[in-house]
Amino acid sequence: MSGSLHHVWEYLTPELWEPLAHYSSRDVIAPLDLFSDLYVAAGDFLSPRPTDKELEEARNDPAKARCSFFALKGTDFKSESAIVHFLEEVYTVIVDYEIPGFEDHYRRILHNALRKFNLRYRLDEPFILRFLIPGSFANLYAELQHVNAGNAYLVLLLTDFEKAFDRYARTQDPTDMRTCVAKANNYVEGLASTTRGTYGTLGTLCDQLTDWPHNKMCEAVKNLYKFCSDVPGVRHGGNPLNMRRNLDARDMTLACLLLLASTVYLSPGWDEKAILGI
4 MSGSLHHVWE
14 YLTPELWEPL
24 AHYSSRDVIA
34 PLDLFSDLYV
44 AAGDFLSPRP
54 TDKELEEARN
64 DPAKARCSFF
74 ALKGTDFKSE
84 SAIVHFLEEV
94 YTVIVDYEIP
104 GFEDHYRRIL
114 HNALRKFNLR
124 YRLDEPFILR
134 FLIPGSFANL
144 YAELQHVNAG
154 NAYLVLLLTD
164 FEKAFDRYAR
174 TQDPTDMRTC
184 VAKANNYVEG
194 LASTTRGTYG
204 TLGTLCDQLT
214 DWPHNKMCEA
224 VKNLYKFCSD
234 VPGVRHGGNP
244 LNMRRNLDAR
254 DMTLACLLLL
264 ASTVYLSPGW
274 DEKAILGI
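Each residue of the sequence shown is one higher than the one before, starting from 4 at the first, in the working numbering.
Structure representation (structure tokens):
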């Protein structure tokens, strides 16, 4: 679940808006002025907002309103959140029509669109689009690619991690697991080094960085580094006496996720809203 609404907006016409306009059941059909109401409802979520004249024309001319609505692009909305709020507002518009089955039809086709485009939302009762955490993880990884842009050193380190992760997923070999954690650590260390302009261990670099919200956050990332250094065969020979058990896939997955998540503190080039998907 990684897609965003503003990226797929142009594909919603055949999947959502046209089926909505073509609704019919027994002796009822979708209102002829549906797109007049939809365009007016969208107005508060657009940037810039349509003029009063444009809104009035939409109210009085359904055909023109339809053209204006279909001409909208995802980037015409104020934000990703604005599209979410608009889709929820559409449900209110449809409920007000009091047409039997119309609101269920909208709920069904929107649910299908969310699944088809692998969007980062879940449709909950009574009618709420929930942002889902997997989308933010996907956005975080996409932002890593953005941060790496133009830096062959970081691209190399992240590619090494990706290949190590793929190899372990295929083999489930303990050696490949330790290599995967080590490569994740190397990338995070390289990113921190690039930010500081000096090269050193992740533990040392954490002490030099200044964007920590709390000392315990800094300590948490340093402890991850210590974990990588202390487990035999990850960064160094380590200390087998500190091991309570052998590493397994849970440990590898968590360590890699935590290491990659810590990168939000290690580089100033992050788009925080992009990570959240808002």
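Just so you know, even glycine gets a beta-carbon here, dropped at the ideal spot from N, CA and C.
Are the Cβ atoms of I281 and E146 separated by less than 8 Å?
no
Look at the alpha carbon of D179 and the alpha carbon of R253, and state the distance between them as a whole number of angstroms.
14 Å
Pick from L257, G200, S270 and C259 that is closest to W215, judged by C-alpha positions:
S270
For V224, which of helix, strand or coil comes out of DSSP?
helix
CA nearest to the CA of E92, picked from F130, S196 and T266:
F130
Quick one: complete beta strand (DSSP E) runs, 3+ long, within the segment 145–231?
none
Throw me the rounded Cβ distance for the N189 and D163 pair, which I believe falls under 8 Å.
7 Å
Stretch-stretch touch, CB-based, cutoff 8 Å, three pairs: the segment 236–243 with the segment 213–227:
no
Helix, strand or coil, according to DSSP, for R123 in the structure here?
coil
Give me the residue from A116, A24, S265 and S82 with the minimum Cα distance to F72.
A24
Which of the three DSSP states, helix, strand or coil, is assigned to G6?
strand
Distance between beta carbons of L75 and A45, contact taken as under 8 Å
7 Å
How long is the line joining the alpha carbons of D36 and S265, rounded to whole angstroms?
51 Å
What separation, rounded to the nearest whole angstrom, lies between the Cα atoms of F80 and S50?
6 Å
What are the start and end residues of the alpha helix (DSSP H) that includes R133?
Careful: R133 lies outside any alpha helix (DSSP H), inside the beta strand (DSSP E) at I131 to F134.
Separation of D40 from V267, as counted between CA atoms
42 Å
Taking L135 as the reference, which of R123, L143 and R69 has the closest Cα?
R123
3-residue-minimum beta strand (DSSP E) runs that sit fully inside the segment 45–120, ordered along the chain:
none
Backbone CA spacing between R181 and Y144 [nearest angstrom]
21 Å
According to DSSP, which residues form a beta bridge with V31?
S28
Since I278 is in the alpha helix (DSSP H), which residue starts that stretch and which ends it?
E275 to L279
How big is the Cα-Cα spacing for L113 and L262?
36 Å
In the DSSP assignment, find the alpha helix (DSSP H) that holds D36 and state where it starts and stops.
It is not in any alpha helix (DSSP H) - D36 carries neither H nor E in the DSSP assignment.
Inter-residue spacing [alpha-carbon to alpha-carbon] between G77 and R62
22 Å
Need the endpoints of the alpha helix (DSSP H) that I269 sits in, please.
Per the sequence presented here, residue 269 reads as Leu, with Ile not at that position. Counting along the chain, L269 falls outside any alpha helix (DSSP H), and DSSP gives it neither H nor E.
Within this structure, are the beta carbons of F120 and F89 separated by less than 8 Å?
no
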